[in-house]
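Taken in sequence, the protein lines are chains R and B.
Note that the first sequence covers residues 1 to 335 in our numbering.
Note that the second sequence covers residues 336 to 592 in our numbering.
In this text, a Cβ means the ideal position worked out from N, Cα and C, and glycines have one as well.
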Amino acid sequence: MSIARPAAARAEAVAPRALLAGLTAFAVLAFLLSLAVGPAGPLIEAAPGARWLIFSEIRLPRALLAALVGAALGLSGAALQGYLRNPLAEPGLVGVSGGAALGAVLAIHTGLSQAFALALPAGGLLGALAAMAAVILLAGPRGGGITLILAGLAVSALATALVSLALNLSANPFASVEMVFWLMGSLADRSLVHVWIAAPLILAGLALLLRACRALDALSLGEDAAASLGVDLPATRLLIVVGISLAVGAGTAVTGVIGFIGLIVPHALRPFCAHRPGLLVLASAPGGAAMLTVADVALRLAQPYLDVRIGVLTALLGAPFFVWLVLRARTELAP
Amino acid sequence: MKLEAFALSAALRGRPVLRSVDLAARPGEVTAVIGPNGAGKSTLLRALCGLVPTTGGRVLLDSLPLAHWSRARIARVLAYVPQDRTVHWALGVRNVVALGRLPFRTAGGAPTAADAAAVDAAMADMDVAALADRPVTEISGGELARVLIARALAQRPAVLVADEPAAGLDPAHQLSLFAHFRRIAGAGCTVVVALHDLTLAARFCHSVVLLRSGTVIAAGQAENVLTSEHLAAAYGIEARLAVLDGIPVVQVRGELP
């Protein structure tokens, strides 16, 4: 026992680092792969001037956005699942995706996005922040996860209804098509300006969420035990809401709604993190970045034959994932 | 470190649960809080830890009002074992016990050798070292109870507040648990436990507080509190404190008509 103990302690200390290093290496490889995929081939066979343009205007923004938004969705999903102690939570539940979608759709509906291109991400961002403010006000200063989710659902439901209303009232069929396509989510045709808009807010949101890791570990034992371990519960809830709203809101504002990454990635990585919610938050950032990047690369490889949007692909992956969850639950809960 | 309540009142959703409760838990002593279901034991323990808003009176930790303590500072001296034994994820036993070291960890800091030593000692004290790598979802209810007490012991607290720690434990582990409470009290810890087992209270606790409907109806040494009159008034039972072979036992004859 006394001989086995130090070895066991060491194994435990190394394993999380190895996991995080492995996932980060995977995400970096996926990023490099993403830079190498496109109609012009891995080495961008084009005129010397066009070569840099293709790299900086098409491939780099797309690869950066996939990594950033994937990391934001994965980490936010893990943080919300940890906070709510529910493996079925998805970052959109706090209302921010609906708010961003509404803001962007309104930018199209009012014609602002025709007037200047950046009105679209700006509208999405404003919508996300408005949704965040509404959820915080509605959920109140006290109360736990349930009030937060109810407030998020209320704001999401209102946003979805207003998006439908905008689509319904749209006099211009081109605008309607643009709205519908935007809602499907896409990483294509984004410039580095989009990256600069989203990156600072995503990184700020992720930094806030990382500060909640200890609280999430303590919350494994319930709210009372967590508070007795020094966790400030109202402050933790605020960190979670603001962090997710910034990270996912900024991401959704530039890419549209990309679902299921925030649900699947933490689920898949949880066993490798020994089910520890704090470690899972760390692991889900490179995990989400890698998953969204790989999905986007697969999409572009299929593009000559099949033009599918990334949000549609992740939704297509999400449904069988739920089927798998059902089948696993059936065997686990069987008598 | 002393933990005291003076004229403490608390309400849950507007319903008064504690009415002017006085309690003094001293270092070196195991203090039992007993009383029938719904008497307010859990609320009293939670209020002592600053986990429920109070409507009157005050709680002093180390002679200082609890409001003057930050959550983080309380966590470094006081450990609380809730009655609710839910662990929300399939964490390993050692990882659960190690949560007791969170109050001492800096953000992002790795566990130190002292942290590991406290965790190992707590697991050994609660006889759960052999379960270290098992997920908490795959151990028995009594084992889980011991794991959660080990989590609190890993905090190396000056004050330990435990809500029904003995519930669900087999007789051997009940005895060793209370022997351990006596041992840490002997080393200067202040121990407060809510209990239903009157014999454990009589045998191991230096002082006993008897609650009914949110008020203290008796407090002091076990032989003065666990009298037939008090037990009849609190629980509606016909019972007496006896000594068998030098061991105090509460003998319950039956319910009063």
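Per DSSP, the bridge partner or partners of residue i
{"i": "aspartate 498(B)", "result": "Ala529(B)"}
{"i": "leucine 413(B)", "result": "Val494(B)"}
{"i": "arginine 214(R)", "result": "Arginine 214(R) pairs with nothing; no bridge assigned."}
{"i": "alanine 557(B)", "result": "Partner(s): none; alanine 557(B) has no beta bridge."}
{"i": "arginine 393(B)", "result": "Phe341(B)"}
{"i": "glutamine 586(B)", "result": "Arg575(B)"}
{"i": "glycine 427(B)", "result": "Pro470(B)"}
{"i": "serine 542(B)", "result": "Thr366(B)"}
8 angstroms Cβ shell around residue i - same chain, five flanking residues per side excluded
{"i": "glycine 435(B)", "result": "Ala414, Ala453, Val454, Ala457, Ala485, Arg486, Ala487, Leu488, Ala489 and Gln490"}
{"i": "alanine 11(R)", "result": "Only weak support is given to the placement of alanine 11(R): the predicted model assigns it a pLDDT of 38, under 50, and the value that follows is read from those uncertain coordinates. Hits under 8 angstroms: none found."}
{"i": "alanine 386(B)", "result": "First, the amino acid is wrong: residue 386(B) is leucine here, not alanine. Excluding sequence neighbours, leucine 386(B) sits near Tyr415."}
{"i": "arginine 429(B)", "result": "Val454, Met458, Ala467 and Asp468"}
{"i": "glutamate 223(R)", "result": "Gly144 and Leu233"}
Residue burial classification, residue i (beta-carbon count within 10 angstroms, cutoff 16)
{"i": "tyrosine 305(R)", "result": "exposed"}
{"i": "isoleucine 146(R)", "result": "exposed"}
{"i": "serine 164(R)", "result": "exposed"}
{"i": "threonine 447(B)", "result": "exposed"}
{"i": "isoleucine 261(R)", "result": "buried"}
{"i": "asparagine 168(R)", "result": "exposed"}
{"i": "leucine 347(B)", "result": "exposed"}
{"i": "arginine 17(R)", "result": "exposed"}
{"i": "alanine 567(B)", "result": "exposed"}
{"i": "aspartate 460(B)", "result": "buried"}
{"i": "glutamate 590(B)", "result": "exposed"}
{"i": "asparagine 172(R)", "result": "exposed"}
{"i": "glutamine 556(B)", "result": "exposed"}
{"i": "isoleucine 258(R)", "result": "buried"}
{"i": "threonine 331(R)", "result": "exposed"}
Residues near residue i by beta carbon distance below 6 angstroms, same chain, minus five either side
{"i": "alanine 367(B)", "result": "Val528, Leu530, Ala536, Cys540 and Val543"}
{"i": "proline 61(R)", "result": "Arg190, Ser191, Leu192 and Val195"}
{"i": "glycine 503(B)", "result": "Gly476, Gly477 and Ala480"}
{"i": "glycine 98(R)", "result": "Ser156, Ala159 and Thr160"}
{"i": "leucine 426(B)", "result": "Val471"}
{"i": "alanine 433(B)", "result": "Val454"}
{"i": "alanine 553(B)", "result": "Leu545, Val560 and His565"}
{"i": "alanine 100(R)", "result": "Gly124, Gly127, Ala128, Gly249, Thr252 and Ala253"}
{"i": "alanine 151(R)", "result": "Val135, Leu138 and Ala139"}
{"i": "alanine 226(R)", "result": "Ala218 and Leu219"}
{"i": "alanine 15(R)", "result": "none"}
{"i": "aspartate 468(B)", "result": "Gly427"}
{"i": "alanine 359(B)", "result": "Glu339"}
{"i": "alanine 89(R)", "result": "Leu80 and Gln81"}
Simplified DSSP state of residue i, which is helix, strand or coil
{"i": "aspartate 455(B)", "result": "helix"}
{"i": "threonine 441(B)", "result": "coil"}
{"i": "glycine 483(B)", "result": "It is worth fixing the name first, because residue 483(B) is leucine in this sequence and not glycine. Here leucine 483(B) sits in helix by DSSP."}
{"i": "isoleucine 552(B)", "result": "strand"}
{"i": "alanine 574(B)", "result": "strand"}
{"i": "arginine 547(B)", "result": "strand"}
{"i": "glutamine 509(B)", "result": "helix"}
{"i": "glutamate 57(R)", "result": "helix"}
{"i": "serine 176(R)", "result": "helix"}
{"i": "leucine 579(B)", "result": "strand"}
{"i": "arginine 469(B)", "result": "coil"}
{"i": "proline 592(B)", "result": "coil"}
{"i": "leucine 399(B)", "result": "strand"}
{"i": "serine 186(R)", "result": "coil"}
{"i": "tryptophan 324(R)", "result": "helix"}
{"i": "glutamate 45(R)", "result": "coil"}
{"i": "serine 170(R)", "result": "coil"}
{"i": "aspartate 224(R)", "result": "helix"}
{"i": "tryptophan 52(R)", "result": "helix"}
{"i": "serine 405(B)", "result": "coil"}
Cutoff 7 angstroms; reference residue i; Cβ partners in own chain excluding five residues on either side
{"i": "alanine 66(R)", "result": "Ser34, Leu187, Leu292, Thr293 and Asp296"}
{"i": "arginine 211(R)", "result": "Leu239"}
{"i": "proline 42(R)", "result": "Ala36"}
{"i": "valine 352(B)", "result": "Ala345, Ala346, Gly375, Thr378 and Gly549"}
{"i": "valine 587(B)", "result": "Ile572 and Ala574"}
{"i": "leucine 325(R)", "result": "none"}
{"i": "glutamate 178(R)", "result": "Ile108"}
{"i": "valine 585(B)", "result": "Leu533, Thr534, Ala537, Leu561, Ala574 and Leu576"}
{"i": "arginine 357(B)", "result": "First, the residue type needs correcting, since residue 357(B) is aspartate and not arginine in the sequence shown. Ala340, Phe341, Ala342 and Val551."}
Contact test: residue i Cβ vs the ligand SAM heavy atom, cutoff 7 angstroms
{"i": "alanine 520(B)", "result": "Absence of the ligand SAM is noted for the structure shown, with no ligands found whatsoever."}
> For the stretch 79–155 of chain R, which segments carrying the alpha helix (DSSP H) assignment without a break, of at least 4 residues, lie completely within its bounds, in sequence order?
Replying inline: If you keep only unbroken alpha helix (DSSP H) runs of at least 4 residues inside the stretch 79–155 of chain R, you get 96–109, 112–115 and 119–139.
>> To test your reading of the DSSP string, which unbroken beta strand (DSSP E) runs of 3 or more residues are found completely within the stretch 338–379 of chain B?
In response: Complete beta strand (DSSP E) runs here, min 3: 338–347, 350–360 and 365–369.
> Fully enclosed by the stretch 244–304 of chain R, which alpha helix (DSSP H) runs are 4 residues long or longer?
Replying inline: The stretch 244–304 of chain R is shown to contain whole alpha helix (DSSP H) runs of 4 or more residues at 261–269 and 277–302, in chain order.
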